[in-house]
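Student: Here the sequence shown stands for residues 465 to 967, numbered as in the working numbering.
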Amino acid sequence: MAFMEKPSAGKLLPLDDTVRLTAAIEASQTLQSHTEYIIRVQRGVSSENSWQIIRRYSDFDMLNNSLLISGIVLPLPPKKLLGNMDREFIAERQKGLQAYLNFITQHHVLSGCEMVKKFLDTNNYSANYTEIALQQVSMFFRSDPKWEVVEPLKDIGWRMRKRYFLIKNREQLKERQVLSWVDWGPDKFLSDKDLQAAMKLLPSLSVSVHGVRITSLFQTLTNVKPKEPFLKKYCNPKKIQGLELQQIRTYGRQILEVLKFLHDKGFPYGHLHASNVLVEDNTCKLLDIENSLLGLPSYYRPYVTQFRKINTTEAIDVYSFGHLLYEMTYGRPPDAIPVDQLPSAPFTSVVLCMLYVPVNPRESVPSVCYFSEHFSLICIVLLNTKLKDALKTAKESLEKRLQEEQRMVYQHRRLIRAQSHHGSEEEKKKRKILARKKSRQSAYENEEDVSIKYNNNSVKKIFFFSLKGSGASSPPTCPSSPTPPPTSGMFPSGHVHPTWLCH
């Protein structure tokens, strides 16, 4: 293990590539010979982190051609040579392109691939990561000339910023080894000194592999070849087959033992998935143990951020184990998350176990110890107190960032639900009925005000007319009216008691 580049003090950490991009076509504009679509792209749930891009249909067509290798039937609207400038056709094509964008941005694999990222965010994904990695590796090998790069392995791994190379030792020409290069991730919270100390411990956790029957668990389930294109391997494998019950028990037990060991040591992992499980002679070994130290986000982070109960690295590992157990049983990942109903399986005991694993993360998340007791590893690693505290602090910082993102996602989903409810037809009818009631009530109150005002004006006119017709010498009286009170009880001059009026 070695560090090839240290970030400068003012260098920003890279983006979290697991945060999905969403795209909405806001408008279209027709030029002389073509139509351009104005697209609003947003990273995550914050509308403040958005920008506009302009794309033509030919750009969509180029993207689609690069994604065809996935084997997925993509809903791109077909080409049209004549009449493609008609207003109605442009409006219909815009709807089709929006459906296409929705499909690729919601697909777990396609949304994270380099072609889609470059299409939607050229500014942040325009670099050639293979060339950057090759330059860094070549510079590193200058200090150790016995190593030589044979070739880059372009179709290994799903991370855009992580590159693999086949290398050889000049002193042992027949041997080939795989080297990986990766930049710092957004969750890199360890200092360089603590990171160096932690990385030195990893060889004591790793095992040298020399066997010929070595494959990843994903390859075992799908029977794909290692050098096949990434999208072809992960999007639509031709053959999927679950494992036998005894294999599921054996592999599950071994994986749980490793997770329990890491958790007991306070070592964050969070990167368990089928491609990170190496199978050799019926024995499982976990890969990419160093990912959490380097700050790389989890493969399942887009799922994890949707459920606030999965808010620790331990909970992420248990959730990932649920995914893995599902894949070992059915030979493929779940079609959707959460899994509300499990398909029928030949192994009832495994399905019952999955009911307690957070394949449905709405439920509470149990611990790894729970499963290791119900489903051997011997390894001694000594961590000094300072390094243990540093790992704990880094783990807490990682979980804090996760919880903050989960809070933002939760608030965004509440806002979307409220807007959807407010815009539903039932709510619109309720608001119309309420508006009518208010309008009728307001009209009734206005009529009452007018009536009262009219009556008051009528009384004033009668009162004024009576005063004017009676003269100014004495108050008006009628034969049946009572005798006026004495002068001492008279009202002030100019005022007349209303009971004296003759109606």
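Each residue gets a CB set at the ideal place from its N, CA and C atoms; glycine is no exception.
Every value quoted in this text rests on a predicted model; they were computed, and no experiment measured them.
#1: Opposite Ala-555 in the DSSP bridges: which residues?
#2: Taking only three categories from DSSP, how would you classify Phe-629?
#3: For the candidate residues Leu-565, Gly-706, Asn-513, His-886, whose alpha-carbon lies nearest to that of Leu-538?
#4: Which of the three DSSP states is assigned to Cys-577 in this structure?
#5: Which runs of the alpha helix (DSSP H) fall wholly inside the region 489-546 and span at least 4 residues, in chain order?
#6: With DSSP run on the structure shown, which of helix, strand or coil describes Val-483?
#7: Report the three-state DSSP secondary structure of Pro-616 (helix, strand or coil).
#8: Going by the beta-carbon positions, is the gap between Ser-534 and Cys-699 smaller than 8 Å?
#9: Near Lys-696, what residues of its chain come up, given a Cβ to Cβ distance below 7 Å and the 5 sequence neighbours on each side ignored?
#10: Please work out which residues of its chain come closer than 6 Å, Cβ to Cβ, to Asn-687, disregarding the five sequence neighbours upstream and downstream, and give them in chain order.
#11: Are the region 613-630 and the region 562-582 in contact at 8 Å, needing three or more beta carbon pairs?
#12: Near Ser-530, what residues of its chain come up, given a Cβ to Cβ distance below 7 Å and the 5 sequence neighbours on each side ignored?
#13: Quick one: residues in its chain with C-beta nearer than 6 Å to the C-beta of Arg-557, no 5 flanking neighbours on either side, listed in chain order?
#14: Tell me the rounded alpha-carbon separation between Thr-482 and Asp-585.
#15: Quick check: the region 602-621 against the region 507-525, are there 3 or more CB pairs under 8 Å?
#16: Excluding sequence positions up to five away, which residues of its chain have a Cβ less than 8 Å from the Cβ of Ser-514?
#17: Can you tell me which of the three DSSP states Thr-586 falls into?
#18: Considering only the alpha carbon of each residue, which of Leu-598, Gln-641, Arg-871, Asp-656 lies closest to Ala-858?
#19: Taking C-beta to C-beta, are Phe-629 and Leu-617 nearer than 8 Å?
#20: Indicate the three-state DSSP secondary structure (helix, strand or coil) for Thr-714 in the structure shown.
#21: Where DSSP assigns a beta bridge to Trp-645, which residues make up the other side?
#22: Excluding the 5 residues flanking Leu-751 on each side, which residues of the same chain have their C-beta closer than 7 Å to its C-beta?
#23: Under 8 Å between the Cβ atoms of Thr-499 and Ser-510?
#24: I believe Ile-712 touches Thr-793 by the beta-carbon criterion, under 8 Å. Please report the beta-carbon distance rounded to the nearest angstrom.
#25: Taking only three categories from DSSP, how would you classify Lys-864?
#26: Assuming the contact rule is C-beta atoms closer than 8 Å, Leu-659 and Val-601 should be a hit. Round their C-beta distance to whole Å, please.
#27: Tell me, which residues are paired with Trp-611 by DSSP?
#28: Give every residue of the same chain whose Cβ lies closer than 6 Å to the Cβ of Phe-682, excluding the five residues on either side of it in the sequence, and list them in chain order.
#29: Roughly how many angstroms lie between the CA atoms of Gly-649 and Pro-732, to the nearest whole one?
#30: Since Phe-553 and Lys-544 should fall inside the 8 Å C-beta cutoff, what is the C-beta to C-beta distance between them, to a whole number of angstroms?
#31: Can you list, in chain order, the residues of its chain whose CB lies under 8 Å from that of Arg-871, leaving out five sequence neighbours each side?
#32: Does DSSP classify Lys-859 as helix, strand or coil?
#33: Have a look at Gly-730 and Glu-778 and give me their C-alpha separation to the nearest angstrom.
#34: With a Cβ-Cβ cutoff of 8 Å, do Val-614 and Lys-632 count as a contact?
#35: Among Gly-795, Leu-757, Ile-620, which one has its Cα closest to the Cα of Glu-692?
Tutor: By the coordinates alone:
#1: DSSP output for Ala-555 lists no bridge partner at all.
#2: strand
#3: Leu-565
#4: coil
#5: 521-531
#6: coil
#7: strand
#8: yes
#9: Ile-533, Ser-534, Gly-535
#10: Lys-703
#11: yes
#12: Met-579
#13: Pro-541
#14: 14 Å
#15: no
#16: Arg-504, Val-505, Gln-506, Arg-507
#17: coil
#18: Asp-656
#19: yes
#20: helix
#21: Arg-627
#22: Asn-740, Leu-742
#23: no
#24: 7 Å
#25: helix
#26: About 19 Å; that fails the 8 Å criterion.
#27: Asn-633
#28: Ala-738, Ser-739
#29: 15 Å
#30: 7 Å
#31: Arg-772
#32: helix
#33: 10 Å
#34: yes
#35: Ile-620
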